[in-house]
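In terms of the UniProt record's numbering, the sequence shown has 33 at position 33, counting the first letter as 1, and numbering is strictly consecutive.
Note that CB positions come from ideal geometry on N, CA and C, so glycine has one too.
Here's the structure we're looking at; comments come further down.
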Amino acid sequence: MASSIIEKIPPICRNKYFLCTVVFAVWMVFFDDRDIITTHFRYKKELHDLEKSKAYYLDQIAETKQELSKLQSDPALLEKYAREKYRMKRDNEDLYIVAPPRPTEKK
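The following block contains the structure:
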């Protein structure tokens, strides 16, 4: 009885190497951590995120270049920038830094 069922299966499907190859292919396509379906969508999302990041940094570069050109052409603006960002002062000046008030803790 069992042998008659096995004999109905084509010989290629009874081959142990063929069966191992099929099981391996199914595992790699559907169940592995780096399966084709999940990896495809993950890489598309990662590519989209990287393109957004690239656009952000290109905008930042353009703004910085524009700011640099303004600073190189206007000495008054350069002095203002140095005083605000780097807290530079003239020799005959005193610099007082007023920190913003800290938020109070609620208990």
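Using the Cα positions of residue i and residue j, report the straight-line distance between them to the nearest angstrom.
{"i": "F18", "j": "D33", "result": "23 Å"}
{"i": "R42", "j": "E51", "result": "14 Å"}
{"i": "R8", "j": "H48", "result": "Reading off the sequence shown, one finds Lys at residue 8, where the question assumed Arg. Going by the C-alpha atoms only, they are around 51 Å apart."}
{"i": "D35", "j": "K44", "result": "14 Å"}
{"i": "L78", "j": "N92", "result": "19 Å"}
{"i": "S73", "j": "E67", "result": "10 Å"}
{"i": "E105", "j": "A99", "result": "17 Å"}
{"i": "C20", "j": "E46", "result": "33 Å"}
{"i": "Q60", "j": "V29", "result": "41 Å"}
{"i": "A76", "j": "H40", "result": "54 Å"}
{"i": "Y57", "j": "T38", "result": "28 Å"}
{"i": "I12", "j": "I5", "result": "15 Å"}
By the DSSP assignment, the alpha helix (DSSP H) with residue i in it spans what residues?
{"i": "E79", "result": "75-86"}
Taking Cβ positions, are residue i and residue j nearer each other than 8 Å?
{"i": "L95", "j": "Y81", "result": "no"}
{"i": "R90", "j": "I97", "result": "no"}
With hydrogens ignored, establish whether the beta-carbon of residue i is closer than 7 Å to any heavy atom of the ligand ZN.
{"i": "E51", "result": "The ligand ZN is not part of the structure shown, which contains no ligands of any sort."}
Where are the alpha helix (DSSP H) runs, 4 residues long or more, that stay fully inside the segment 3-43, in chain order?
-> 11-14, 16-26
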